Amino acid sequence: MKDCLDNQVQSVLEIPYFQGDFWTNIIEQNIKELDQDNDDRIGAEDPTEISGKRKCANTDKKKNCKKSTTIQQTVAKEQIPHCTDLMLKIFPIIDKYKKEFFVIRLRNSMSPCPTVADTDILIKCDLMDTPEIFLKFCRDQYFEFSSLRRAKFSSMALLYKLHTTTKIYSYNCNICRQQCHICYHCTVCDDFNLCEKCYNIEPKHEHKIERSVPSVVDISHDESLASPQIQRRQAMQRCIEALLHAVNCRNATCLSPSCFRYKRVIQHTKECKGKNSQCNVCKQVIFLSWYHSKSCMEQNCQVPFCTNLKIKIQKQRTAKLQ
2 MKDCLDNQVQ SVLEIPYFQG DFWTNIIEQN IKELDQDNDD RIGAEDPTEI
52 SGKRKCANTD KKKNCKKSTT IQQTVAKEQI PHCTDLMLKI FPIIDKYKKE
102 FFVIRLRNSM SPCPTVADTD ILIKCDLMDT PEIFLKFCRD QYFEFSSLRR
152 AKFSSMALLY KLHTTTKIYS YNCNICRQQC HICYHCTVCD DFNLCEKCYN
202 IEPKHEHKIE RSVPSVVDIS HDESLASPQI QRRQAMQRCI EALLHAVNCR
252 NATCLSPSCF RYKRVIQHTK ECKGKNSQCN VCKQVIFLSW YHSKSCMEQN
302 CQVPFCTNLK IKIQKQRTAK LQ
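Reading the sequence shown from the start, the letters are residues 2 to 323 in the working numbering.
Next up, the structure:
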């Protein structure tokens, strides 16, 4: 709160990102404890029925356990004019860890960042899927960013890890369980891959199968195999960019050649009365939205099906972590 007042925070968007942070968990835990204390206080038995011996024992125990906490709560009342029960409970914890608490802002929201023309292809990386996976990896490898020297070393080590894992990235065949660098991926199932040997075995898989050559390293080994894969990714990226443009475009006479066509497709998804899984147009939009939703960070994204797909992807990632 002091940090927000000192920096004159005017919007929630200016508050630092606290998902998975220590303090948010502490606050939620203390809120639950306060609610539990209120419930216990309401349902407590009549104090007159408690024996004098038991009452004395409880009083001594409370005095020994909460003596230091009471002192800190008294200090909190003096420093904070309108102090609530929650602040009284949290203040001793904040006072204990105040030297370790710091706020990091990655960028100033008032200065817009310049547009970056990234010519590199998008590569799937499980390490960068969620903040929890990334933080767990840094914690296991003892990577720290508390000083410039440690931040430089941790950044270089992470970059090396990303490059090396990309080179050795491979799939596991769902039938023979063997690793396969060139696989056949099911476009319907969430995670179903076949090696070339199992793909040729009858009977065939019931859904549509696409040949996939993962990893950039395959480009150096076999240009003829990797080139179609790169072209498909680039075409997919262009379709997603055209879809995003059509969603945000408000110009009725837009000169973009694909804008009007994608606007009609978006309007169709809103008016389609059949099941989305049976409509070919809706299936194509869902396919594009699925790729888009994996990297979308907007809370109220206007891309069709994006919100529901993000919820589904988040549930799948949570299930994998468990």
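Beta carbons are placed, not taken as given, at the ideal position from N, Cα and C, and that holds for glycine.
The model shown is predicted, which means the values in this text are computed figures rather than measured ones.
Worksheet entry | Buried versus exposed, by CB contacts within 10 Å (16 or more), His-208 | His-208 comes out exposed.
Discussion item. For the pair the segment 289-302 and the segment 240-253, tell me if three or more CB-CB distances fall below 8 angstroms.
Written reply: yes
Worksheet entry | Enclosing beta strand (DSSP E) for Cys-302 [first to last residue] | Neither: Cys-302 is in no beta strand (DSSP E) and is coded neither H nor E.
Worksheet item: Rounded to the nearest angstrom, how far is the Cβ of Phe-144 from that of Ala-158, given a contact under 8 angstroms?
Response: Contact flag correct, Cβ pair sits at about 6 angstroms.
Worksheet entry | From Asn-309, Asp-40, Cys-139 and Arg-262, residue whose alpha carbon lies closest to that of Leu-128 | Cys-139
Discussion item. For a quick check, are the C-beta atoms of Ile-241 and Leu-289 less than 8 angstroms apart?
Written reply: yes
Practice prompt. Determine the burial state of Asn-194: buried for a count of at least 16 other Cβ atoms within 10 Å of its Cβ, exposed for fewer.
Written response: buried
Fill in: C-alpha distance - Asn-26 paired with Ser-156, whole-angstrom precision
27 angstroms
Worksheet item: Roughly how many angstroms separate the alpha carbons of Arg-265 and Glu-211, rounded to a whole number?
Response: 28 angstroms
Worksheet entry | Beta-carbon contacts of Gln-11 that lie in its chain and below 6 angstroms, excluding the five residues immediately before and after | none
Fill in: Coil, strand or helix - Ile-210 by DSSP
strand
Discussion item. Need the endpoints of the alpha helix (DSSP H) that Tyr-263 sits in, please.
Written reply: 260-272
Worksheet item: Roughly how many whole angstroms lie between the Cα atoms of Thr-308 and Gly-44?
Response: 42 angstroms
Worksheet item: For Cys-190, which of Arg-178, His-206 and Cys-255 has the nearest alpha-carbon?
Response: His-206
Worksheet item: Any idea if Leu-89 is buried or exposed, counting beta-carbon neighbours within 10 angstroms, 16 or more meaning buried?
Response: Under a 10 Å Cβ-count criterion, Leu-89 is classified as buried, with 16 or more other Cβ atoms of the shown protein chains found around its own Cβ.
Worksheet item: Where DSSP assigns a beta bridge to His-164, which residues make up the other side?
Response: BP columns for His-164 are empty, so no partner.
Item to complete: Answer with buried or exposed for Tyr-263, where buried requires no fewer than 16 other C-beta atoms within 10 angstroms of its C-beta.
Response: buried
Worksheet item: With respect to the beta strand (DSSP E) encompassing Tyr-185, which residues constitute its N-terminal and C-terminal limits?
Response: 184-187
Practice prompt. Would you please state the rounded distance, in angstroms, between the beta carbons of Cys-174 and Cys-181? I believe it to be under 8 angstroms.
Written response: 5 angstroms
Worksheet item: Leaving out the 5 sequence neighbours to the left and right, which residues in its chain are closer than 7 angstroms to Ile-28 when beta-carbon positions are compared?
Response: Ile-91
Discussion item. Under DSSP, the alpha helix (DSSP H) around Phe-146 begins and ends at which residues?
Written reply: Here Phe-146 belongs to no alpha helix (DSSP H), and DSSP marks it neither H nor E.
Discussion item. Assuming Pro-132 is part of the alpha helix (DSSP H), what are its boundary residues?
Written reply: 132-141
Fill in: One or two residues paired with Asn-173 in a DSSP bridge
Looking at the DSSP assignment, Asn-173 forms a beta bridge with Gln-180.
Fill in: Lys-97 to Leu-6 span [Cα, whole Å]
Near 22 angstroms, if we compare the C-alpha coordinates of Leu-6 and Lys-97.
Worksheet item: Would a C-beta distance cut-off of 8 angstroms place Leu-35 and Asp-86 closer than the cut-off?
Response: yes
Fill in: Leu-256 - DSSP class collapsed to helix/strand/coil
Three-state DSSP puts Leu-256 in coil, outside helix and strand.
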